[in-house]
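These notes concern the structure reproduced below.
Residue numbers (our numbering): 4 to 413.
Here it is as structure tokens:
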């Protein structure tokens, strides 16, 4: 599909989306309520940030020191409180409907973007099984717009992408012979009569390029990173996943989703969020892992001069209930939640919106998922009013009338 240059902004950017799968508690991350009653504020404390009057959860000290270089939305709101439906809404900018499945942000960007790399335009680390995975990320777009999933665990010293390794007995020379044979078949079809069936082998050729090009495998070679850099991100799955995302963006991938699960904290929230499980492979709570991973990513992008051209978005599908339940956790709460952004030309040192004293709902500048989606597209150099097309030619706008959050557009 040819996209008119008139529907683009002059500057095109890349995106790293850190998806907090399960619905992170805004009260235990970016919107604490330290003055509320104990059953509202919970057992965790709040700390001051570099922005006067703005506090974050006590387990986010690194982000608190960098908040003047970040952007925070505290007034996200949605009517959908079920994981799968809410995830679709946040990741597509459309509330789910049985009549049409919409593409997630990464798939839409991959469809629109100009490809200048042998790497896939949209990569998910380690996978894109989010929100219950009851929907296809590509939606009405071709299957080629599905994310390329790395699999594995990037924090393991022997991490590699198995799909990029040759099967036993197969090597580059044999793959090249098969490619040439397929090219000959393509030439034969081209000279066949008009009744012959055309076959699209682009996916096969793309796969051959991936496994046969050493530079592609090098992009995923985390062991090449200095130990100091790896330590800065943290030796956790989300930390090393964010480092891998940086490597991929640096080498031409347009959109990377880092899937960080575990945020469905219906019980024992203090244990899950702050301390982590004793004896676990990574005995660190979710919030400290997030703090180090995003801080390491921010610093690394800034040091490499990649921050202006890379938008970082940190979000999940909804927030958690203002009141703790009887098992020390919080349940689903879509009426109020938070999103953190950095880079990509986003206004820094700004907090958009405000919730009430219990974190129940926005009382200032409510933001809908379609507004956030429109803003992300805008910051990536894509006009939110752009229309894509279904397989039967039906035009569909990128977002459902989302309004760009002008405070975030510098």
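Positions of the beta carbon are idealized from the N, C-alpha and C atoms, including for glycine.
Range covered by the alpha helix (DSSP H) that runs through residue i
| i | result |
| --- | --- |
| residue 240 | 240-253 |
| residue 19 | Not the alpha helix (DSSP H): residue 19 falls in the beta strand (DSSP E), residues 17-23. |
| residue 310 | Where residue 310 is concerned, there is no enclosing alpha helix (DSSP H), given that its DSSP letter is neither H nor E. |
| residue 234 | 230-236 |
| residue 67 | 64-69 |
Chain-order list of residues whose beta-carbon lies under 8 Å from that of residue i (same chain, five-residue window excluded)
| i | result |
| --- | --- |
| residue 355 | 74, 75, 76, 77, 78, 368, 370, 408, 410, 411 |
| residue 319 | 22, 23, 24, 25, 26, 27, 93, 266, 340 |
| residue 383 | 15, 16, 17, 18, 112, 314, 347 |
| residue 393 | 103, 143, 399 |
Collapsed DSSP secondary structure at residue i in the structure displayed
| i | result |
| --- | --- |
| residue 203 | Confidence in residue 203 is poor, its pLDDT being 48 and thus under 50, which makes the residue's placement unreliable; the coordinate value appears in the next sentence. Three-state DSSP puts residue 203 in coil, outside helix and strand. |
| residue 361 | coil |
| residue 91 | helix |
| residue 224 | coil |
| residue 409 | helix |
| residue 265 | coil |
| residue 379 | helix |
| residue 85 | coil |
| residue 320 | coil |
| residue 45 | coil |
| residue 169 | Unreliable placement is indicated for residue 169, whose pLDDT of 47 sits below 50; the coordinate value is still reported in the next sentence. Here residue 169 sits in coil by DSSP. |
| residue 423 | Past the edges of the chain, shown from 4 to 413, lies residue 423, and the structure says nothing about it. |
| residue 291 | helix |
| residue 164 | coil |
| residue 374 | helix |
| residue 256 | coil |
Option nearest residue i by Cα separation, candidates the options
| i | options | result |
| --- | --- | --- |
| residue 333 | 18, 31, 20 | 31 |
| residue 373 | 392, 326, 87, 405 | 405 |
| residue 386 | 232, 292, 403, 142 | 403 |
| residue 296 | 327, 270, 235 | 235 |
| residue 397 | 144, 229, 358 | 144 |
| residue 52 | 139, 61, 260, 231 | 61 |
| residue 343 | 72, 45, 41 | 72 |
| residue 160 | 229, 133, 360 | 229 |
| residue 380 | 330, 301, 115 | 115 |
| residue 141 | 110, 58, 88, 359 | 110 |
| residue 130 | 256, 68, 262, 149 | 262 |
| residue 377 | 39, 87, 107, 126 | 107 |
| residue 268 | 80, 81, 86, 41 | 86 |
| residue 20 | 70, 40, 133, 82 | 133 |
| residue 244 | 148, 350, 225 | 225 |
| residue 47 | 365, 292, 278, 303 | 278 |
| residue 365 | 80, 49, 34 | 80 |
| residue 63 | 34, 40, 39 | 34 |
| residue 291 | 39, 162, 59 | 59 |
Close-in-space but distant-in-sequence residues of the same chain around residue i (CB under 7 Å, 5 per side omitted)
| i | result |
| --- | --- |
| residue 55 | none |
| residue 222 | 122, 250, 251, 254 |
| residue 238 | 158 |
| residue 164 | 153, 154, 155, 223 |
| residue 289 | 265, 266, 275, 276 |
| residue 36 | 30, 43, 44, 360, 361, 362 |
| residue 83 | 89, 92, 98, 337 |
| residue 248 | 19, 128, 259, 261 |
Enclosing beta strand (DSSP E) for residue i [first to last residue]
| i | result |
| --- | --- |
| residue 341 | 340-346 |
| residue 75 | 74-79 |
| residue 125 | 125-128 |
| residue 403 | Unbroken run through residue 403: none, as it is neither H nor E. |
| residue 57 | Element bounds for residue 57: n/a, residue is neither H nor E. |
| residue 29 | Residue 29 -> no beta strand (DSSP E), and no H or E assigned at all. |
| residue 131 | Segment: none, residue 131 is in no beta strand (DSSP E) and carries neither H nor E. |
| residue 353 | 353-355 |
| residue 278 | Careful: residue 278 lies outside any beta strand (DSSP E) and carries neither H nor E. |
| residue 389 | Residue 389 -> no beta strand (DSSP E), and no H or E assigned at all. |
Beta-carbon contacts of residue i that lie in its chain and below 6 Å, excluding the five residues immediately before and after
| i | result |
| --- | --- |
| residue 220 | 167 |
| residue 97 | 105, 403 |
| residue 322 | 29, 336, 339, 340 |
| residue 65 | 294, 298 |
| residue 246 | 236 |
| residue 418 | Outside the modelled stretch of the chain, which goes from 4 to 413, sits residue 418, for which no answer is possible. |
| residue 207 | Because residue 207 sits at a pLDDT of 45, beneath the cut-off of 50, its placement in the model cannot be relied upon, and the point is left open. |
| residue 325 | 43, 361, 362, 363 |
| residue 330 | 270 |
| residue 413 | 348, 350 |
Ranges of the alpha helix (DSSP H) found wholly within the segment 98-126, counting only runs of at least 4: Entirely contained in the segment 98-126, the alpha helix (DSSP H) runs reaching 4 residues are, in chain order, 108-115.
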